[in-house]
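So the structure is just underneath, and the comments pick up after that.
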Amino acid sequence: MSGHSKWATTKHKKAAIDAKRGKLFARLVKNIEVAARTGGGDPAGNPTLYDAIQKAKKNSVPADNIDRAVKRGSGAEAGGAEYETIMYEGYGPAGVAILVECLTDNRNRAASDVRLAFTRYGGNLADPGSVSYLFSRRGIVEVPEADGVDEDSIMEAVLDAGAEDVAQQGDVFVISCEPTEVVAVRTALQDAGIDYNSAEAQFVASTQVELDVEGATKVMRVVDALEDSDDVQNVYHNMSLSDEVRAQLEQEEE
1 MSGHSKWATT KHKKAAIDAK RGKLFARLVK NIEVAARTGG GDPAGNPTLY
51 DAIQKAKKNS VPADNIDRAV KRGSGAEAGG AEYETIMYEG YGPAGVAILV
101 ECLTDNRNRA ASDVRLAFTR YGGNLADPGS VSYLFSRRGI VEVPEADGVD
151 EDSIMEAVLD AGAEDVAQQG DVFVISCEPT EVVAVRTALQ DAGIDYNSAE
201 AQFVASTQVE LDVEGATKVM RVVDALEDSD DVQNVYHNMS LSDEVRAQLE
251 QEEE
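This is the structure:
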């Protein structure tokens, strides 16, 4: 029985991973479609589209999916939807601030999904402006760990391109800059032969709330529920975890 039980657990985990992967693919493809619609279907003349395509490739989105998204967005192929960006604000357990970025073709469905995710797992929606002031729009470029790549070599490559800070977080280096400097920083990395995972504008919290394992688990239930919605594109929060708490959470997931 134990063998069967272990296999059932493994199957369940694989299904959960596959489901998350499918939703990630959908988000990345939607980004490509919107970028192509707003700036044209030529990545060479549309930096936002270029970066959206690169991020999709880094996450193993099939080339056919990428190509069709560009065509739908640019109008070369029928079937594209009219998406709008909507921001929702709320609080999770332990007073963690949460900012939810939706890209949707159905405003009512998005609002319903977000509200349900908050209320079901101990959070609550907040009025516009009550959470967003804790976040600022920043350009974030992530560089994976690699031989010969460290904070000094990265900063040397991107300092003149507008980078303001380089910090290691786990197995990646995070470069922070003004949102308008993302393309310049990404280009400087490419010129220096340094690989990067993603380059985009994100919302970064100005203050952090450090949680223990129990608190972090509760907040992640809210985040997971939000990310389960097809309309939710990004979830930003100000939860902070120590290395010890991260290690415990990873151990529990195994």
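Each residue of the sequence shown is one higher than the one before, starting from 1 at the first, in full-length UniProt numbering. For each residue, glycine too, the CB sits at the ideal point set by N, CA and C. Source: prediction; values computed, not measured.
Could you check whether residue j and residue i sit closer than 8 Å to each other, using their CB atoms as the reference points?
{"i": "A205", "j": "N234", "result": "no"}
{"i": "V245", "j": "A94", "result": "no"}
{"i": "A157", "j": "A184", "result": "no"}
{"i": "G73", "j": "E33", "result": "yes"}
{"i": "M87", "j": "L99", "result": "yes"}
{"i": "V182", "j": "A199", "result": "yes"}
{"i": "R109", "j": "D231", "result": "yes"}
{"i": "G129", "j": "Y91", "result": "no"}
How far does the beta strand (DSSP E) with residue i in it extend, from its first residue to its last?
{"i": "G139", "result": "F135 to P144"}
{"i": "N234", "result": "V232 to H237"}
Which same chain residues end up closer than 7 Å to residue i when comparing Cβ atoms and leaving out the 5 residues on each side of it in sequence?
{"i": "L151", "result": "Correcting the residue type first, residue 151 is Glu in the shown sequence and not Leu. Excluding positions up to five away in sequence, the list reads V166, Q168 and F173."}
{"i": "R120", "result": "A225"}
{"i": "T9", "result": "No answer about T9 holds up, because its pLDDT of 34 lies below 50 and its placement is not dependable."}
{"i": "E178", "result": "G139 and G162"}
So the alpha helix (DSSP H) residue i belongs to, where does it begin and stop?
{"i": "Q248", "result": "D243 to E253"}
{"i": "N46", "result": "Counting along the chain, N46 falls outside any alpha helix (DSSP H), and DSSP gives it neither H nor E."}
{"i": "N65", "result": "A63 to S74"}
{"i": "V222", "result": "V213 to E227"}
Given this structure, state the Cα-to-Cα distance separating residue i from residue j, to the nearest angstrom.
{"i": "L28", "j": "V213", "result": "30 Å"}
{"i": "K57", "j": "Y196", "result": "12 Å"}
{"i": "G41", "j": "N65", "result": "14 Å"}
{"i": "E89", "j": "G79", "result": "31 Å"}
{"i": "E101", "j": "E227", "result": "10 Å"}
{"i": "L211", "j": "D67", "result": "42 Å"}
{"i": "L189", "j": "K23", "result": "29 Å"}
{"i": "P43", "j": "R186", "result": "14 Å"}
{"i": "E252", "j": "E77", "result": "45 Å"}
{"i": "D127", "j": "Y83", "result": "23 Å"}
{"i": "D51", "j": "R107", "result": "26 Å"}
{"i": "M155", "j": "V149", "result": "10 Å"}
{"i": "A63", "j": "L49", "result": "14 Å"}
{"i": "D113", "j": "V143", "result": "33 Å"}
{"i": "K55", "j": "V61", "result": "9 Å"}
{"i": "residue 255", "j": "L125", "result": "In the structure as shown, the chain begins at 1 and stops at 254. Residue 255 is therefore absent and cannot be evaluated."}
{"i": "A111", "j": "S153", "result": "44 Å"}
{"i": "R221", "j": "A117", "result": "9 Å"}
Once you ignore the five residues that flank residue i on each side, which residues in its own chain have a CB closer than 6 Å to its CB?
{"i": "E145", "result": "D171"}
{"i": "residue 275", "result": "Absent from the model: residue 275. The displayed extent of the chain is 1 to 254, so no value can be given."}
{"i": "A192", "result": "A157"}
{"i": "S5", "result": "At S5 the pLDDT is 36, less than 50, meaning the model places this residue with poor confidence; the figure from the coordinates comes in the next sentence. So the list is empty, once near-sequence residues are dropped."}
{"i": "F25", "result": "V61"}
{"i": "S176", "result": "R138, E164 and D165"}
Do we get a CB-CB distance below 8 Å when we pair residue i with the residues of chain D?
{"i": "T104", "result": "Structure shown: chain D not included; a single protein chain is present."}
Which residues in the same chain have their Cβ closer than 8 Å to the Cβ of residue i, if we skip the five residues on either side of it in sequence?
{"i": "D136", "result": "At residue 136 the sequence reads Ser, which differs from the Asp that was named. Excluding positions up to five away in sequence, the list reads F203, V204 and S206."}
{"i": "N46", "result": "A35, A36, G39 and G40"}
{"i": "A216", "result": "M239, L241, V245 and L249"}
{"i": "K30", "result": "A69, Y83, L103 and Q233"}
{"i": "V131", "result": "E89, G90, Y91, A97, I98 and L99"}
{"i": "D105", "result": "A81, E82, Y83 and E84"}
Original post:
What are the uninterrupted segments assigned as beta strand (DSSP E) that are 3 or more residues long and contained completely in the segment 86-126, given in chain order?
Top reply: 97-104 and 124-126
Subject >> alpha helix (DSSP H) segments (min. 4 residues) lying fully within the segment 156-203 >> reply: 182-191
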